[in-house]
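Read through the structure below, which is laid out as structure tokens, and then see the notes.
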Amino acid sequence: MGRSGLLLKLELSSNPEMLCVVRHALGQLAETLGFSSAECRAIVLAVDEALTNIIKHAYGGEAGRPIRAFFCRIEVPQNGKQRKALEIVIEDRGKKVDRAKLCGRSLEDVRPGGLGMHFINECMDAVEFRRGLGKNQLRLMKLLDGPNPEKLA
Amino acid sequence: MQISARHLDKTTIFDVSGDVDLATSPELRKALLHELREIRTLRVVLNLKSVRYMDSSGVASLVEGLKVSRGLGARLILYGLNASVREVLQLSKLLKIFEVYENEEQAVSP
Numbered sequence: 037m038g039r040s041g042l043l044l045k046l047e048l049s050s051n052p053e054m055l056c057v058v059r060h061a062l063g064q065l066a067e068t069l070g071f072s073s074a075e076c077r078a079i080v081l082a083v084d085e086a087l088t089n090i091i092k093h094a095y096g097g098e099a100g101r102p103i104r105a106f107f108c109r110i111e112v113p114q115n116g117k118q119r120k121a122l123e124i125v126i127e128d129r130g131k132k133v134d135r136a137k138l139c140g141r142s143l144e145d146v147r148p149g150g151l152g153m154h155f156i157n158e159c160m161d162a163v164e165f166r167r168g169l170g171k172n173q174l175r176l177m178k179l180l181d182g183p184n185p186e187k188l189a
Numbered sequence: 082m083q084i085s086a087r088h089l090d091k092t093t094i095f096d097v098s099g100d101v102d103l104a105t106s107p108e109l110r111k112a113l114l115h116e117l118r119e120i121r122t123l124r125v126v127l128n129l130k131s132v133r134y135m136d137s138s139g140v141a142s143l144v145e146g147l148k149v150s151r152g153l154g155a156r157l158i159l160y161g162l163n164a165s166v167r168e169v170l171q172l173s174k175l176l177k178i179f180e181v182y183e184n185e186e187q188a189v190s191p
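Those protein sequences? They're chains A and E, same order as listed.
Read in order, the letters of the first sequence are residues 37 to 189 in the numbering used here.
Read in order, the letters of the second sequence are residues 82 to 191 in the numbering used here.
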């Protein structure tokens, strides 16, 4: 699979103990790209939650299933300018994800669970989900150079 | 993640360190629920000063502990929240439902 601007590619198994490894690598990558400390924490949280969802829901807690993550430097047109951004694409071969659940639940309902998708949406500037060829694909994007006034997706 | 318990009068203080995520949050949940349901401790304090990272799994464990504590007439108290933990609780709009203090002295005061 060819991806321009590819910075890092990770192939991991659906083992919860791998999450801390990904967090450390991604935290370093985001810092190297120039994201602020708060932005680095947001990116790390979003990817951790995405991987957690794959392990828990797409693979039903089964360890040893494949997950691939691509981290790319991209440029995004916005208001006539090109803005630098980090694009993250995460793929799994688990069961089809219920799109309704991707919206996140109401936060008025105080109960355990169901917060992961809400965190992802809050932390990233664009969140897109696709299903095809037996794969779930989640694309996340975070703009570099300060806050984004309008979400792009 | 590591978790250890200290006992102070009728209070149990859990010192938690490391990352609280999908892999480790079941241990935190188990310790909290055991202390509340089995030991029937009326005040459980979580020292989160050394927690580097918490995700939604960790938040879910805290929420479950809070709900159980309320059902039993007990208190679940948090202190020492760093930026990472504070941010996830703010993102989930749950910070206001917890009893949160800056330090242990405040957390264990009557």
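Beta carbons: idealized from backbone N, C-alpha and C, even for Gly.
For clarity, every value in this text was computed on a predicted model and none was experimentally measured.
Among the options, whose alpha-carbon lies nearest the alpha-carbon of residue i?
i, options, result
"LEU117 of chain E", "E:LEU103, E:SER137, E:VAL97 and E:ARG156", "E:ARG156"
"ASP181 of chain A", "A:CYS108, A:SER40, A:GLN64 and A:GLN118", "A:GLN118"
"LEU147 of chain E", "E:LEU127, E:ARG133, E:GLU168 and E:GLY99", "E:LEU127"
"ILE79 of chain A", "A:GLU98, A:HIS93, A:PHE107 and A:SER40", "A:PHE107"
"PRO107 of chain E", "E:LEU89, E:SER138 and E:THR122", "E:SER138"
"LEU175 of chain E", "E:SER142, E:LEU89 and E:THR105", "E:SER142"
"ILE76 of chain A", "E:GLU168, E:LEU153 and E:LEU162", "Checking the displayed sequence, the identity of residue 76 of chain A turns out to be Cys instead of Ile. Of E:GLU168, E:LEU153 and E:LEU162, the residue nearest in Cα terms is E:GLU168."
"ALA86 of chain A", "A:PRO113, A:LEU69 and A:MET160", "A:MET160"
"LEU122 of chain A", "A:ASN89, A:GLU98, A:THR68 and A:GLY170", "A:THR68"
"GLY152 of chain A", "A:ILE124, A:THR88, A:ASN115 and A:MET177", "A:THR88"
"ASP154 of chain A", "E:SER85, E:ASP102 and E:SER173", "Sequence inspection shows His at residue 154 of chain A; the Asp mentioned does not correspond to that position. Out of E:SER85, E:ASP102 and E:SER173, E:SER173 has the C-alpha closest to the C-alpha of HIS154 of chain A."
With 8 Å as the threshold, decide whether the Cβ of residue i is near any Cβ in chain A.
i, result
"ASP100 of chain E", "yes"
"ALA112 of chain E", "no"
"TYR160 of chain E", "no"
"SER150 of chain E", "no"
"ALA155 of chain E", "no"
"LEU103 of chain E", "yes"
Is residue i close to chain E? Criterion is C-beta to C-beta, closer than 8 Å.
i, result
"LYS187 of chain A", "With a pLDDT of 41 at LYS187 of chain A, under the threshold of 50, the predicted position of this residue should be treated as unreliable, though the coordinate-derived value follows. False, the Cβ-Cβ gap to chain E never drops below 8 Å."
"ASP181 of chain A", "no"
"ASP161 of chain A", "no"
"PHE155 of chain A", "yes"
"GLY152 of chain A", "yes"
"GLU75 of chain A", "no"
"GLU67 of chain A", "no"
"GLN173 of chain A", "no"
"GLU28 of chain A", "Here chain A comprises residues numbered 37 to 189, so residue 28 of chain A is not present and cannot be evaluated."
"GLU164 of chain A", "no"
"GLU158 of chain A", "yes"
From the DSSP output, in three-state form, read off residue i for me.
i, result
"GLY97 of chain A", "coil"
"GLY102 of chain A", "Reading off the sequence, residue 102 of chain A comes out as Pro, not Gly. Strand at PRO102 of chain A."
"PHE71 of chain A", "coil"
"ARG167 of chain A", "strand"
"THR92 of chain E", "strand"
"ILE84 of chain E", "strand"
"ASN184 of chain A", "Low confidence applies to ASN184 of chain A: its pLDDT is 48, below 50, so where it sits in the model is not reliable, and the reading given next is rough at best. If DSSP states are grouped into helix, strand and coil, ASN184 of chain A belongs with coil."
"ASN172 of chain A", "strand"
"LEU113 of chain E", "helix"
"ALA162 of chain A", "strand"
"GLY38 of chain A", "Bear in mind that a pLDDT of 48 at GLY38 of chain A, under 50, signals an unreliable position, so the number given afterwards is only what the model happens to contain. Of the three classes helix, strand and coil, the one that applies to GLY38 of chain A here is coil, per DSSP."
"ALA189 of chain A", "Because ALA189 of chain A sits at a pLDDT of 35, beneath the cut-off of 50, its placement in the model cannot be relied upon, and the following sentence gives the value as read from the coordinates. In this structure, ALA189 of chain A counts as coil in the three-state DSSP scheme."
"LYS192 of chain E", "No statement about residue 192 of chain E is possible, as the shown extent of chain E runs from 82 to 191 and does not include it."
For residue i, write down the residues that DSSP places opposite it in a beta bridge.
i, result
"GLU47 of chain A", "A:ARG104"
"ILE158 of chain E", "E:VAL126 and E:GLU180"
"LEU122 of chain A", "A:ARG109 and A:LYS178"
"VAL132 of chain E", "E:GLY99"
"LEU81 of chain A", "Answer by DSSP bridge pairing: none, since LEU81 of chain A is not bridged."
"ASP128 of chain A", "A:ILE103 and A:ASN172"
Whose Cβ in chain D lies nearer than 8 Å to the Cβ of residue i?
i, result
"PRO113 of chain A", "Of the protein chains in the structure, A and E, none is chain D."
Interface positions of the stretch 81 to 106 of chain A facing chain E (Cβ-Cβ less than 9 Å), listed along the chain
LEU81, ASP84, GLU85, LEU87, THR88, ILE91 and LYS92
The stretch 113 to 140 of chain E: which residues have C-beta closer than 8 Å to a C-beta of chain A, in chain order?
TYR134, ASP136, SER137, SER138 and VAL140
Contact list for the stretch 45 to 57 of chain A against chain E, Cβ threshold 7 Å:
PRO52, GLU53, LEU55 and CYS56
Looking at chain A, which residues of the stretch 160 to 179 of chain E have a Cβ within less than 8 Å of any of its Cβ atoms?
ALA164, SER165, GLU168, VAL169, LEU172, SER173, LYS174, LEU175 and ILE178
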